[in-house]
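Note sheet for the following structure.
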Amino acid sequence: MAATNAGFVNINSDLGESFGPWVMGNDAEVLKIVKSANVACGFHASDPVVMVDTVKLCKDNGVSIGAHPGFADLQGFGRRVINLTIKELEANIAYQIGALQAIAALHGAKVTHMKPHGMMANMSAESAEMCDAICRATKAADRDLIFLAQANTEQGKSARKHGLRVAEEVFADRTYGDNGLLTPRKEPNSMIKDAAQAVAHVRRMVDEQAIYSTSGKRIPCQVDSICVHGDGPTAVTVSTAVRQGLEAAGIRIVPLTEMPNLKH
1 MAATNAGFVN
11 INSDLGESFG
21 PWVMGNDAEV
31 LKIVKSANVA
41 CGFHASDPVV
51 MVDTVKLCKD
61 NGVSIGAHPG
71 FADLQGFGRR
81 VINLTIKELE
91 ANIAYQIGAL
101 QAIAALHGAK
111 VTHMKPHGMM
121 ANMSAESAEM
131 CDAICRATKA
141 ADRDLIFLAQ
151 ANTEQGKSAR
161 KHGLRVAEEV
171 FADRTYGDNG
181 LLTPRKEPNS
191 MIKDAAQAVA
201 HVRRMVDEQA
211 IYSTSGKRIP
221 CQVDSICVHG
231 DGPTAVTVST
241 AVRQGLEAAG
251 IRIVPLTEMP
261 NLKH
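Residues 1 to 264, numbered by the numbering used here, are exactly what the sequence shown covers, in order.
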């Protein structure tokens, strides 16, 4: 690993995405594996009761809590393009972070990071203007929040410019294009569902501090956190294998709040 965080890495997952009686993912099991949770804030998924229950599960499992704001798109799960004005985007981020902060307070817990969801994340990865709006709202809500940013994108650059701490994130179960960005989900090779393949993918990224595209291009980056998705049929199997694979290599898995030397 890079000298800044040698021997440490975080594993995170996007959770709390159920809505009313509709259950999404396997949060109880995934929260035994990961060390940080990105909790949906009610726009792309979740509702106040789901948020309350998810925060309690996080606290019970010693998992650090992050806000996971997305587009107001319950039907599309926040994965459709919505072109908000910068004013709208900034207000949407502040609103969602604030909601989770209040929910966390019910359990005496604290929100300690923020990670944009879905299409909002993908669009902002390439848009400095969107990232600046997200960072302004994040910093206004709590200047100590860690921005969990897609590695080598505008997100980390903007967060550092605004004085936020940054954790650079790669994905255990997603592939990458030659541009260093995630392969769009509509493409057949976008997801990694085989546990052994996911472990090899993660070990390579952590060991070499680099992303590898599907064509084999090496793109150097800092790897602070590994995202595993909790909403697919192979989620628990893949997540468990990734954690075990990293620990077998002597790498300590810690919450984002315990990662050493996260840089502003």
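Here a beta-carbon is modelled for each residue, glycine too, at the ideal position from N, C-alpha and C.
These numbers were taken from a predicted model, which means no experiment stands behind them.
Going by alpha carbons, who is nearest to ASN38 out of ASP194, GLY76, LEU148, ASP178?
Taking the first residue of the sequence shown as 1, we reach residue 38 at position 38. Nearest option by C-alpha distance: LEU148.
Whole angstroms is fine: what's the gap from ALA2's alpha carbon to VAL223's?
Taking the first residue of the sequence shown as 1, we reach residue 2 at position 2. Taking the first residue of the sequence shown as 1, we reach residue 223 at position 223. Any reading at ALA2 needs caution, since the residue's pLDDT is 39, under 50, leaving its predicted position unreliable; the model's value is listed next. Each residue's Cα considered, the two are about 8 Å apart.
Alpha carbon to alpha carbon, what distance is there between MET130 and SER13?
Stepping through the sequence shown from its first residue, residue 13 is reached at position 13. Stepping through the sequence shown from its first residue, residue 130 is reached at position 130. Whole-angstrom Cα-Cα distance: 23 Å.
Going along the chain, which residues of its own chain have a beta-carbon closer than 6 Å to the beta-carbon of CYS227, five neighbours each way excluded?
In the sequence shown, residue 227 corresponds to position 227, counting from 1. ASN12, GLU169, PHE171, listed in sequence order.
Note down, one range per segment and in chain order, each alpha helix (DSSP H) of at least 4 residues found wholly within the stretch 109 to 143.
118 to 124, 128 to 141
From this set, LYS59, THR138, ILE86, GLY216, which residue's C-alpha is nearest LYS161's C-alpha?
For the purposes of this step, residue 161 is identified with residue 161 of the sequence shown, where counting begins at 1. With distances taken between Cα atoms, LYS161 lies closest to THR138.
Pick from GLN209, ASP194, LEU262: whose alpha carbon is nearest that of THR240?
Position 240 of the sequence shown holds residue 240. Considering only alpha carbons, the answer is ASP194.
What does the alpha-carbon distance come out to for the pair LEU164 and PRO233?
The count along the sequence shown starts at 1 and reaches residue 164 at position 164. The count along the sequence shown starts at 1 and reaches residue 233 at position 233. Straight-line Cα distance between these residues: approximately 35 Å.
For ALA249, which of helix, strand or coil comes out of DSSP?
Taking the first residue of the sequence shown as 1, we reach residue 249 at position 249. DSSP places ALA249 in coil when its eight states are reduced to three.
Compute the Euclidean distance between the alpha carbons of VAL317 and ALA140, then round it to the nearest angstrom.
Any property of residue 317 remains undetermined from this structure, which presents the chain solely from 1 to 264.
Rounded to a whole number of angstroms, what is the C-alpha to C-alpha distance between THR257 and ASP231?
Along the sequence shown, read from residue 1 onward, the residue named residue 257 stands at position 257. Along the sequence shown, read from residue 1 onward, the residue named residue 231 stands at position 231. Their Cα atoms are separated by approximately 24 Å.
Neighbourhood of LYS124 by C-beta distance below 7 Å, restricted to the same chain and skipping five residues each side
Locating residue 124 in the sequence shown gives position 124, counting from the first residue. Contrary to the premise, residue 124 reads as Ser rather than Lys in this sequence. Same-chain partners within the cutoff: PRO116, MET130, CYS131, ILE134, GLU154, GLN155.
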